[in-house]
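Written out below as structure tokens is the structure these notes cover.
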Amino acid sequence: MTTIASQSAVFHRSLHSDPISVVGANGNYLHLSGGGKLLDATGGAAVSCLGHANKRVKDAIISQLDVVSYVHSATFGTDAAEKLAKALVESTGGEMSKAYIVSSGSEAMEAALKLARQHYLELSPPQPQRTKFIARHESYHGTTLGALSISGHKARRAPYEPMLLPNMSRVSACNAYRGMIENETEAGYVDRLAKELDDEFQRLGPETVCAFVAEPVVGAALGCVPAVRGYFQAVRAICNKYGALLILDEVMCGMGRTGTLHAWQSSLINVTPDIQTIGKGLGGGYAPVAGVLISRKVTDTLFAGTGGFSHGQTYQGHPVSCRAALEVLSIIQEEKLVQNVAAMGEKLEQLLKQLVLPLPHVGDVRGKGLFWGIEFVNDKTTKEPFDPKENVATNIHEKGLTDPHNITLYPGNGTVDGRVGDHILLAPAYNATAEVIELIVRKTAAV
Ligand code: PLP
């Protein structure tokens, strides 16, 4: 019989150790049962965008509980869901026409894939042969089987490989540090990646491809890697050429995290998706909530077709989650926090380049807004990664949690495709001050 060391009744990720017990949280700090506190530099996995214990969000949740806590969205609507959807659609400048609200990023990705399929089934004339999706290596789109099937995260896919969906293929990620060859210009790199994607469309048969799926700034799988300028325009042009949809997964990098409310609104990305997913910072950790923003192109097809989406979930448009998300979004907008993300992001970049990049085993620091990754290498010149068995990122994360560091650093284990290397991710709250940013960088450098 296996001995299970954990005393916790919760079935969490490790049965061999107990989770660290958090008994309170405030602003940028987590309070632990033993009396210690941790500087939360990551908001979990880029979730707690307003920090902890925000009174406005708490009051909004309580007020919603006084109105209605739950109704089934197939029959009933609520003010909370309606107002959130309207605010989200408006935040896209009208580029998106409807919002579909669910509870997690994985659910949002499942819905996005099915929506793309339904779009082609109901298009006039229909294109039922479009059953394939192209995504990218070193990507993460979620844990459910559909979302995992398009993910390029080998380690997370591995145990379930025989159960994953067919018709999902992948091309190279846009990763300047690892992908650009010597003396290559950004334009040359973009051309090379665009050719690879075009070739993949050709290989699959362009008329069989439903959509290309990508994260504008790659999160957990690579550690905050923004696309190179021009990449998304090239990708959009190829999707247009072959009549396929562009799905942008902004679950991690969206909702203000990278310095614009939607990552595609930045001059670096500068394309409009046909379908967009959001999550994490949408609810800021105050409620489980995620969503799919759907362009008029897709909603027009569905209105002219069956008039609906053959997909439904019990907690779709959950009133309390919607109310929490609406308050988070209002605070972001009223307190001009996206502007703070951009300003503090510049400070974070400057300090990371000054204090962390020169360290002996730091190969690269990269990111956008308040979303930065630090990649560790065994050799700075050759960029040789550490042996994944050394668990470098996990060890740094664990060391960060101990005295005197007392900081959360989100790790990416060096097992993605066995070649990318270890990284940690920083994702401070959008309202972080210059002092907090400096403390985060100084503590990170010291770990
Ligand atoms: N997409 C991206 C880019 C993510 O980073 C994640 C989670 O980390 C997901 C989708 C899945 O979201 P969730 O964990 O809320 O299901």
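In short: position in the sequence shown from 1, add 294, done, that's our numbering. For each residue, glycine too, the CB sits at the ideal point set by N, CA and C.
- As summarised for the stretch 520-553, the continuous alpha helix (DSSP H) elements at least 4 residues long and confined to that stretch are 525-536, given in chain order.
- Judged by DSSP secondary structure, Val503 falls within the beta strand (DSSP E) whose first and last residues are 503-508.
- Fully contained in the stretch 455-507 are the following alpha helix (DSSP H) runs of length 4 or more, in chain order: 470-473, 480-498.
- DSSP, read as helix, strand or coil, puts Ala584 in strand.
- Annotation: the continuous alpha helix (DSSP H) that includes Tyr414 extends over 399-416.
- For Gln570, no alpha helix (DSSP H) encloses it; the enclosing beta strand (DSSP E) starts and ends at 569-572.
- Apart from sequence neighbours up to five positions away, the residues of its chain that approach Val656 with a beta-carbon distance below 7 angstroms are Val650, Ile668, Phe670, ordered along the chain.
- Judged by their CB atoms, Val465 and Glu490 are nearer to each other than the 8 angstroms cut-off.
- Measuring C-alpha to C-alpha distances from Glu401 to each of Lys693, His691, Gln610 identifies Gln610 as the nearest.
- Following the DSSP letters along the chain, one finds Pro453 in no beta strand (DSSP E), marked with neither H nor E.
- According to the DSSP assignment, Ala393 belongs to the beta strand (DSSP E) that extends over 390-396.
- Gly446 and Met462 have their C-alpha atoms spaced approximately 10 angstroms apart.
- Taking one beta carbon from each stretch, the stretch 615-633 and the stretch 479-493 have fewer than 3 pairs nearer than 8 angstroms; the two do not touch.
- Within the same chain, and ignoring the five residues on either side of Lys647 in sequence, the residues whose Cβ sits closer than 8 angstroms to its Cβ are Val659.
- Residue Arg617 holds the alpha-carbon nearest to the alpha-carbon of Ala581 among Arg617, Leu555, Arg523, Val592.
- By the CB criterion at 8 angstroms, Ala441 and Met474 fall outside the cutoff.
- The straight-line gap separating the alpha-carbon atoms of Ile718 and Ser302 is approximately 27 angstroms.
- For Thr571 against Gly399, the beta-carbon gap comes to about 7 angstroms, under 8 angstroms, which counts as contact.
- Shown here, His717 sits in a strand according to DSSP, grouped into three states.
- Excluding five sequence positions before and after Asp312, the CB atoms of its chain that fall closer than 7 angstroms to its own CB belong to Ser300, Gln301, Ser302, given in chain order.
- Within the same chain, and ignoring the five residues on either side of Tyr471 in sequence, the residues whose Cβ sits closer than 8 angstroms to its Cβ are Val519, Gly657, Asp658, Arg660, Glu669, Lys677.
- Proximity to Gly387 across Thr554, Ala410, Ala723 peaks at Thr554, based on C-alpha coordinates.
- In this structure, the beta-carbon distance from Asn322 to Ala598 does not fall below 8 angstroms.
- Across the structure, Thr675 and Gly524 are spaced so that their CA atoms are roughly 28 angstroms apart.
- Here the distance from the Cβ of Gly318 to the nearest heavy atom of the ligand PLP is not below 7 angstroms.
- Cβ neighbours of Glu643 within its own chain (closer than 8 angstroms, five residues either side excluded): Val659, Gly661, Trp666.
- When the alpha-carbon of Met390 is set against those of Leu587, Ser342, Cys547, Asn634, the nearest one is in Leu587.
- Within the same chain, and ignoring the five residues on either side of Ser342 in sequence, the residues whose Cβ sits closer than 7 angstroms to its Cβ are Asp334, Gly578, Gly579, Ala723.
- For Asp312, the secondary structure class from DSSP, reduced to helix, strand or coil, is coil.
- The continuous alpha helix (DSSP H) containing Ala441 extends over residues 439-444.
- Ranked by how close their Cα comes to the Cα of Ile563, the residues Gly499, Val522, Ala584, Val365 have Val522 in first place.
- The beta carbons of Val503 and Ala531 sit no closer together than 8 angstroms.
- For Asn689, no pairing in a beta bridge is given by DSSP.
- Following the DSSP letters along the chain, one finds Pro613 inside the alpha helix (DSSP H) bounded by residues 613-628.
- Cβ neighbours of Ala619 within its own chain (closer than 6 angstroms, five residues either side excluded): Leu378, Leu576, Gly577, Val583.
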